[in-house]
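Residue numbers (UniProt numbering), protein chains in the order written: chain A, 1 to 227; chain B, 1 to 227; chain C, 1 to 227; chain D, 1 to 227. Note that the Cβ used here is the ideal one computed from N, Cα and C, for glycine as well.
4 protein chains.
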Amino acid sequence: MARNRTSGDGDDAAGTSGTTAAEGTTAAAGGSRTSGAATGVPERLLAEATRLFAERGYDRTSVQEIVAAAGVTKGALYHYFGSKDDLLHEIYGRVLRLQMERLDAIAAGPGDVSERLAEAAADVVVTSIENLDDTKIFFRSMHQLGPDKQKAVRAERRRYHERFRSLVEEGRRDGHFRADLNPDLVVDFFFGSVHHLGIWYRADGPLSAQQVAAEFSDLLLHSVRRP
Amino acid sequence: MARNRTSGDGDDAAGTSGTTAAEGTTAAAGGSRTSGAATGVPERLLAEATRLFAERGYDRTSVQEIVAAAGVTKGALYHYFGSKDDLLHEIYGRVLRLQMERLDAIAAGPGDVSERLAEAAADVVVTSIENLDDTKIFFRSMHQLGPDKQKAVRAERRRYHERFRSLVEEGRRDGHFRADLNPDLVVDFFFGSVHHLGIWYRADGPLSAQQVAAEFSDLLLHSVRRP
Amino acid sequence: MARNRTSGDGDDAAGTSGTTAAEGTTAAAGGSRTSGAATGVPERLLAEATRLFAERGYDRTSVQEIVAAAGVTKGALYHYFGSKDDLLHEIYGRVLRLQMERLDAIAAGPGDVSERLAEAAADVVVTSIENLDDTKIFFRSMHQLGPDKQKAVRAERRRYHERFRSLVEEGRRDGHFRADLNPDLVVDFFFGSVHHLGIWYRADGPLSAQQVAAEFSDLLLHSVRRP
Amino acid sequence: MARNRTSGDGDDAAGTSGTTAAEGTTAAAGGSRTSGAATGVPERLLAEATRLFAERGYDRTSVQEIVAAAGVTKGALYHYFGSKDDLLHEIYGRVLRLQMERLDAIAAGPGDVSERLAEAAADVVVTSIENLDDTKIFFRSMHQLGPDKQKAVRAERRRYHERFRSLVEEGRRDGHFRADLNPDLVVDFFFGSVHHLGIWYRADGPLSAQQVAAEFSDLLLHSVRRP
DNA sequence: GATGAATGAGAGTTCATTCAT
DNA sequence: GATGAATGAACTCTCATTCAT
């Protein structure tokens, strides 16, 4: 299970994924818990790395700071992760997996396409806010991934966008949405708004995740629906 | 040397030094700016820094690379700019000034609020695409500015958003736009889409800046207009 | 019997030596076989270490690489060998033992001194080529042994040289060889050539071990024989 | 003149060569002078690096030790040399240049081929002893050079060997030397002995460089000359 | 006005070795 | 007998910045 010394990039992000994903979903909006000694070392490292990357950026966060925050030594980090880059890759893997699962469930669910698109839009807003650190990291740090990992993340992201786009296309075919829409542009339009949440949303601000989700979903639906 | 910058940005890097103006106006010999050696040193530094920051990020771009690209020495850079941070600040100043001017002109222009909002939205998309490097840098690198400069940039940005928001509020008061809108959220919604352009837009892609602008503007108007 | 970890270095490398020597002699020219799971763990470790040390040098070979190549874990290595240094020491012991045995047998054999010197010279060339990895390691890595082990190896080496030198002295006394020879220099002269084999000889080159041995032996004899 | 940040391996060792060569030739047998502040920084770095590499090997010598010995900081070293590897490459360049020049001069000189071969052989022994640190480093550390630099050094070395071999071939054609010689093997035979000097020769031993040179030259000539 | 040598702190990474299990 | 998580020190190299010239 440990990923000691992975030189080859070929291996997927599956190494620590089981525990990683579990840890990731419990991380509350805006950061991680104080790293209790209860959770395992790789989970703690991932949690602290996420917090620090969101707080000051990938390049400005030193490996030393991460291990200090997690209460271990550098050697421990490099026992579980091949590189600092690898840590970031795990974070991406976690969030990509989560979002894809949720979108799949919603898109395949009941309701007409308007309802499903509205729900998917609201859900990704809520999830993005609940994992605001991941949201902050996502686009700010993607270009700091190594070329291969970056390509893998982009591919995964594309699949996610395509899934979302297919909802827009479905609505357009059905006559629910306007015929003159460019579905790709709609997706980029909406996800720009979602990623931007990492920049302006504050957990201690006046708006709850649900309020933002409702409004964003509403704006999206109005923008695509047949007048 | 690929310079996707609009050649109209006459403002120079006058921020930190009085000597800048003198150097910047050395358009002697009347030759055209073929290899950049004709333009002044601070302009060249700023242009190359913009290109490099967009290409590989602020932290990943060394001062050495910037001066090498501009064909000068480190001493020259530190003669014109106080620090690497200062270079970035100049880039922000340039883009903020440009956008504010254009928005002011459009908002104060003729036409009803729908027309002016549509035009403002389309214009900021076009401008963002024409200065795609600046767009890429904007949110990716803001947190790498020093605290004071970051605060200054945020304040300027807020003023810009407020100006845009006032258009939404005007439309809502006038009854053009829906009454249940949260104007702040509308602004964040839309500018998320705009900033996201830096991530997905390609100059060699299928869509012209005008096409994207028209569609984004259209989506925004549909999302706010009274049904 | 298991643990040969002793700092005292009384050359108690005898623990695994029986099997080690056997393994060593069967190693074909240029490297070891693919370490099948048939042989014992310490033998496999020694074989892979020899191969890797020859290939990339002692310092550039990590313990991790050795155990991975041998298909065991680090714990296993440290069970059989006191340290990485100890592994190297075993390799030296193996080759020193082998060469000394062969020289002793030849020097004590029949024939006049010219014949015995020629045979000894040819034999050490053949043996050096057949164990080319050991030859490569020998002088390149000796200074990477700890002080005590290094001293022990040097002492053993000196005994070997003295044995060889005594042949030269014998020939000089007998009048077979030139009277103006410095036997020590002759030995250093010749063994320089022998150790150099590790640098230029290629198993897939045009010359067989026997051809090189014949020529080297011939050159040596011509250089010492009374004209 | 400084070689700041040379990433590309393509450039030759010519950067600091003028001063380097001058420094190199004055280095006495067995090591460098105490690094006076009189000589330039790159020369001092090269001198101390040579001494330390010879003393404890390339991998066992840290950059920190080199700069401490030279009385500068790491930054200074990396200002002049692209890498630790680059330092080693400069050392190789220096010795290769020196040896090639001397061999060329001797081979093209007067005297019959026996005299010229004898002189060349004696000269390379003297030179190797006078630059014993370089001799120690040569084969022990060559495989620690990066692939490209290693290839360059090997190519240079080959040219040197070929020049030496041509003397042997000339003597064989002329009838001075035995017809059954393999000139390549003779060269490898002799240079093995020369490189081995770094292992056994001591400046404080009983033999002067000239004595060793005379004897080695004599052994070589006897080994090749027609009986 | 402009240079470029030099700094010094800190970056990410490696590694032989230990030890509780 | 054998494991592999964890250590901690050392490693090479980078970089924004300064300052004597």
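Check, Outcome
"Proximal residues, the segment 199-224 of chain A versus chain B, C-beta separation under 9 Å", "I199, W200, Y201, L207, Q211, V212, E215, F216, D218, L219, L220, L221, H222, S223 and V224"
"9 Å Cβ cutoff, A:V168 in contact with chain B", "no"
"Cβ distance (whole Å) where C:V194 is taken to contact C:V124 below 8 Å", "6 Å"
"Partner residues on chain D for C:N182, Cβ-Cβ distance less than 7 Å", "E215"
"Element boundaries [alpha helix (DSSP H), containing D:L45]", "V41 to R56"
"Given C:R102 as reference, the closest of C:L77, C:G82, C:S128 and C:S114 once Cα atoms are compared", "C:S128"
"C-beta neighbour in chain C for D:P42, strict 9 Å", "no"
"CB-CB length for B:S208 against B:A118, believed under 8 Å", "Contact flag wrong, Cβ pair sits at about 18 Å."
"Every unbroken alpha helix (DSSP H) inside the segment 124-179 of chain B [4 residues or more]", "132-141 and 147-174"
"Test: A:H176 CB closer than 9 Å to a CB of chain B", "no"
"Residues that A:P147 contacts on chain B, provided the C-beta gap is smaller than 7 Å", "Result: empty, since nearest Cβ-Cβ is about 12 Å, beyond 7 Å."
"Simplified DSSP state of C:R226, which is helix, strand or coil", "coil"
"Segment limits, alpha helix (DSSP H) that includes A:P183", "P183 to W200"
"A:D59, enclosing alpha helix (DSSP H) - first and last residue", "Premise fails: A:D59 is in no alpha helix (DSSP H) and is neither H nor E."
"Closest Cα partner of C:E170 within the set C:G192, C:V153 and C:E115", "C:E115"
"C:S83 in three-state terms, based on DSSP", "coil"
"D:V72 - DSSP class collapsed to helix/strand/coil", "coil"
"Rounded C-alpha distance that separates D:L220 from D:A122", "10 Å"
"Beta-carbon proximity check, B:Y58 vs B:E156, cutoff 9 Å", "no"
"Check whether D:L167 and D:V113 have beta carbons under 9 Å apart", "yes"
"Simplified DSSP state of A:S208, which is helix, strand or coil", "coil"
"DSSP state of D:G109 mapped onto helix, strand, coil", "coil"
"D:I106 vs C:G192 beta-carbon contact at 9 Å", "no"
"Reference B:V72; option with closest CA among B:M100, B:S83 and B:G40", "B:G40"
"A:Q144 classed as buried or exposed, judged by whether at least 16 other C-beta atoms fall within 10 angstroms", "buried"
"Which of helix, strand or coil DSSP assigns to B:A203", "coil"
"C-beta neighbour in chain B for A:R165, strict 9 Å", "no"
"Close beta carbons around D:K74, own chain, < 8 Å, minus the five adjacent residues each side", "V63, Q64 and V67"
"Residues in the segment 126-141 of chain C having any Cβ partner in chain D nearer than 8 Å", "F139 and R140"
"Any chain C beta carbon closer than 9 Å to D:Q99", "no"
"Interface flag, A:Q144 vs chain B, CB-CB below 9 Å", "yes"
"Own chain, CB closer than 7 Å to B:D140, minus 5 neighbours either side, in chain order", "Residue identity differs from the one stated: residue 140 of chain B is Arg in this sequence, not Asp. So the list reads G57, once near-sequence residues are dropped."
"Beta carbon of B:R225 nearer than 9 Å to that of A:H176", "no"
"Same chain, Cβ closer than 6 Å to A:A108, neighbours up to 5 away in sequence not counted", "none"
"Distance between A:M100 and B:L96 (C-alpha atoms, nearest Å)", "36 Å"
"Closest Cα partner of D:L185 within the set C:N131, C:P206 and C:R44", "C:P206"
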